[in-house]
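**Q**
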Amino acid sequence: VKTPASPLLHGKLRDYQMIGLDWLAKQYRKNLNGILADESGLGKNIQVIALLAHLASNEGVWGPHLIVARSCNILKWELELKRWCPAFKLLLYFGSQRELRRKRQTWNEPNGFHLCITSYKQLFKGLQAFMKMRWKYLVIDEVHQIRNMNEKHWEAILNLPSQRRLLLRDTPLPHTWKDLWTMVHFLIPGLSRPYLDFPVKDGSDQDQEYRHTISIRMHRSTQPFILRRTKRDVERQLNKKSEHVLKCQLSNRQRVLYEDIMMQPGTQDSLKGGHFVSVLHVLTQLQRICNHPDLVDPRPGHSSYSCEALQYETASLVLKALEYDPWK
Numbered sequence: 065v066k067t068p069a070s071p072l073l074h075g076k077l078r079d080y081q082m083i084g085l086d087w088l089a090k091q092y093r094k095n096l097n098g099i100l101a102d103e104s105g106l107g108k109n110i111q112v113i114a115l116l117a118h119l120a121s122n123e124g125v126w127g128p129h130l131i132v133a134r135s136c137n138i139l140k141w142e143l144e145l146k147r148w149c150p151a152f153k154l155l156l157y158f159g160s161q162r163e164l165r166r167k168r169q170t171w172n173e174p175n176g177f178h179l180c181i182t183s184y185k186q187l188f189k190g191l192q193a194f195m196k197m198r199w200k201y202l203v204i205d206e207v208h209q210i211r212n213m214n215e216k217h218w219e220a221i222l223n224l225p226s227q228r229r230l231l232l233r234d235t236p237l238p239h240t241w242k243d244l245w246t247m248v249h250f251l252i253p254g255l256s257r258p259y260l261d262f263p264v265k266d267g268s269d270q271d272q273e274y275r276h277t278i279s280i281r282m283h284r285s286t287q288p289f290i291l292r293r294t295k296r297d298v299e300r301q302l303n304k305k306s307e308h309v310l311k312c313q314l315s316n317r318q319r320v321l322y323e324d325i326m327m328q329p330g331t332q333d334s335l336k337g338g339h340f341v342s343v344l345h346v347l348t349q350l351q352r353i354c355n356h357p358d359l360v361d362p363r364p365g366h367s368s369y370s371c372e373a374l375q376y377e378t379a380s381l382v383l384k385a386l387e388y389d390p391w392k
């Protein structure tokens, strides 16, 4: 490993994460894009933060960078960035239209922000604004888990102006020719053949051998751009798995509802019959009781506090205010 961790980084990287940082830094120096496909739980986000910190401290490249993630992961990115590299100025691009307009005003300010974090929904809605920026690094996080991603969405991502691209995923690269064609365009922009011009058309009469040959060629062409490790590969560097089982006793109300369902004739027939759907329905009811009894037996909330309703005669109050003379 020839790339040391940046002094801006607060925390110590594991050995395999240092290898990942070195690989990402080499991709940057070679003007290459990449795919970091480590198994979930190995700290892909931390390796990306380490790369951006390295670029800031050693290359003088502070941004602006763009990170596009699922909405549920934006907070995770923010917390990890503030923990590992608090020197970065963050811009969380989400909120109401008024908030988004206010945040876009800082885009043209020098050093207004270093990293912009947004969701795929906000990216596609405000694509014109994102197209006006010259991003240093474009980080695409877990796009394979986004539903309803089509060719138009991918074309929008591929057209974003950026010097480097990095794709994060926790699964191996797919072997289907369509997905591989997308990965090839992500890794090697500027191909003579447009992205929407697939080499194999749906419903065509091309034989299976031709499709298979194209898939193999595209898969081989993407291998130098991919780094993937599994937990089995780096298990010696990971802490041993520890489990803590905490048992929670049922309340009296939960116990009564639980026993009431178990004593019902329909429940006994379902369990004896062994039908999958019927047994699953019983287990779902019991699970809801364990989560909270109100999910099965809701009851209205009561309060010991009571007060009479307050009534204001607005017209009379306004009239009295107009008739008031402070000099009398």
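According to the working numbering, the sequence shown holds residues 65 to 392 in order. Backbone N, C-alpha and C define an ideal beta-carbon position, used for all residues, glycine too. From a predicted model like this one, the values you see are computed outputs, not experimental measurements.
Verify whether the separation of the beta carbon atoms of H129 and W199 is less than 9 Å.
**A** Start at 1 with the first residue of the sequence shown, and residue 129 comes out as number 65. Start at 1 with the first residue of the sequence shown, and residue 199 comes out as number 135. Cβ atoms of H129 and W199: closer than 9 Å.
**Q** I believe P150 touches H74 by the beta-carbon criterion, under 8 Å. Please report the beta-carbon distance rounded to the nearest angstrom.
**A** Start at 1 with the first residue of the sequence shown, and residue 150 comes out as number 86. Start at 1 with the first residue of the sequence shown, and residue 74 comes out as number 10. With 8 Å as the limit, P150 and H74 qualify as a contact, their Cβ atoms being about 7 Å apart.
**Q** Report the residue ranges of all alpha helix (DSSP H) runs contained in full by the segment 151–234; include only those spanning at least 4 residues, in chain order.
**A** The qualifying runs are 161–168, 184–189, 191–195, 215–222.
**Q** Does the beta-carbon distance from L115 to L85 come in below 9 Å?
**A** As a first step, residue 115 must be located in the sequence shown, where it is residue number 51. As a first step, residue 85 must be located in the sequence shown, where it is residue number 21. Yes. Within cutoff.
**Q** Pairs of beta-carbons, one from the segment 339–350 and one from the segment 298–316, closer than 8 Å: are there three or more?
**A** The segment 339–350, when compared against the segment 298–316, does not touch it at the 8 Å Cβ threshold.
**Q** Can you have a look at V132 and say buried or exposed, based on whether 16 or more other CB atoms are within 10 angstroms of its CB?
**A** Looking up residue 132 in the sequence shown gives position 68. Buried, since its Cβ has 16 or more Cβ neighbours within 10 Å.
**Q** If you draw a straight line from the C-alpha of G176 to the C-alpha of A101, how long is it?
**A** The residue labelled residue 176 in the question sits at position 112 within the sequence shown. The residue labelled residue 101 in the question sits at position 37 within the sequence shown. Approximately 31 Å between the Cα atoms of the pair.
**Q** Just mark H178 as buried or exposed, buried being the case when its beta carbon has 16 or more other beta carbons within 10 Å.
**A** As a first step, residue 178 must be located in the sequence shown, where it is residue number 114. Buried: at least 16 other Cβ atoms inside 10 Å.
**Q** In this structure, how does DSSP classify H308 when only helix, strand and coil are distinguished?
**A** Residue numbering aside, residue 308 sits at position 244 when the sequence shown is read from its first letter. It is coil, neither helix nor strand.
**Q** Hey, out of H217, K185, L143, whose CA is closest to G159's CA?
**A** The residue labelled residue 159 in the question sits at position 95 within the sequence shown. Of the listed residues, the one whose Cα sits closest to G159 is K185.
**Q** Taking the straight line between their C-alpha atoms, what separation do you get for P329 and R296?
**A** In the sequence shown, counting from the first residue as 1, residue 329 sits at position 265. In the sequence shown, counting from the first residue as 1, residue 296 sits at position 232. If you take the alpha carbons of P329 and R296, they lie about 49 Å apart.
**Q** Quick check on V478: does DSSP put it in helix, strand or coil?
**A** What the structure shows of the chain is the stretch from 65 to 392, and residue 478 is not part of that stretch, so it cannot be assessed.
**Q** Can you tell me where the alpha helix (DSSP H) with L85 in it begins and where it stops?
**A** Indexing the sequence shown from 1 puts residue 85 at position 21. Unbroken alpha helix (DSSP H) run through L85: 79–93.
**Q** Once you ignore the five residues that flank F289 on each side, which residues in its own chain have a CB closer than 7 Å to its CB?
**A** Here residue 289 corresponds to residue number 225 of the sequence shown, with the count starting at 1. Only L96, N97, G98, I99, L251 meet the Cβ criterion.
**Q** Along the chain, where does the beta strand (DSSP E) containing V132 start, and where does it finish?
**A** Taking the first residue of the sequence shown as 1, we reach residue 132 at position 68. V132 -> beta strand (DSSP E) spans 129–133.
**Q** Quick one: residues in its chain with C-beta nearer than 8 Å to the C-beta of T235, no 5 flanking neighbours on either side, listed in chain order?
**A** Taking the sequence shown and counting its residues from 1, the one referred to as residue 235 is at position 171. If we look at T235 and ignore the five residues flanking it on each side, its Cβ neighbours are A101, H208.
**Q** So, using beta-carbon positions, are M197 and W171 closer together than 9 Å?
**A** Position 133 of the sequence shown, counted from the first residue, corresponds to residue 197. Position 107 of the sequence shown, counted from the first residue, corresponds to residue 171. Yes.
**Q** Ignoring anything shorter than 4 residues or poking outside the segment 284–345, list the alpha helix (DSSP H) runs there in chain order.
**A** List check, alpha helix (DSSP H) in window: 316–326, 329–337.
**Q** Using beta-carbon positions only, say whether I204 and L237 come within less than 9 Å of one another.
**A** Taking the sequence shown and counting its residues from 1, the one referred to as residue 204 is at position 140. Taking the sequence shown and counting its residues from 1, the one referred to as residue 237 is at position 173. No, the pair does not count as a contact, with Cβ atoms beyond the cut-off.
**Q** Just how far apart, CA to CA, sit H308 and Q351?
**A** Here residue 308 refers to the residue found at position 244 of the sequence shown. Here residue 351 refers to the residue found at position 287 of the sequence shown. About 21 Å.
**Q** Is the CB of Q318 under 9 Å away from at least one CB in chain B?
**A** Checking the listed chains, one finds no chain B in this structure; it contains a single protein chain.
**Q** First and last residue of the alpha helix (DSSP H) that includes L116?
**A** In the sequence shown, the residue the question calls residue 116 occupies position 52. That run of the alpha helix (DSSP H) goes 108–118.
**Q** Is it true that the CB of S121 sits closer than 9 Å to the CB of S70?
**A** Taking the sequence shown and counting its residues from 1, one reaches residue 70 at position 6. Taking the sequence shown and counting its residues from 1, one reaches residue 121 at position 57. A contact, by the Cβ cut-off of 9 Å.
**Q** By DSSP, does T67 sit in helix, in strand, or in coil?
**A** Start at 1 with the first residue of the sequence shown, and residue 67 comes out as number 3. Here T67 sits in coil by DSSP.
**Q** Hey, how far is the Cα of V298 from the Cα of Y80?
**A** By 1-based counting over the sequence shown, the position of residue 298 is 234. By 1-based counting over the sequence shown, the position of residue 80 is 16. The straight-line gap from Cα to Cα measures roughly 7 Å.
**Q** In three-state terms, what does DSSP make of L244?
**A** Counting from 1 along the sequence shown, the entry for residue 244 is found at position 180. Reduced to three states, the DSSP call for L244 is helix.
**Q** Excluding the five sequence neighbours on either side, which residues of its own chain have a C-beta within less than 6 Å of the C-beta of A117, listed in chain order?
**A** For the purposes of this step, residue 117 is taken as the residue at position 53 of the sequence shown. Counting only Cβ-Cβ distances below 6 Å, and skipping sequence neighbours, we find S70, L72, L73, C149.
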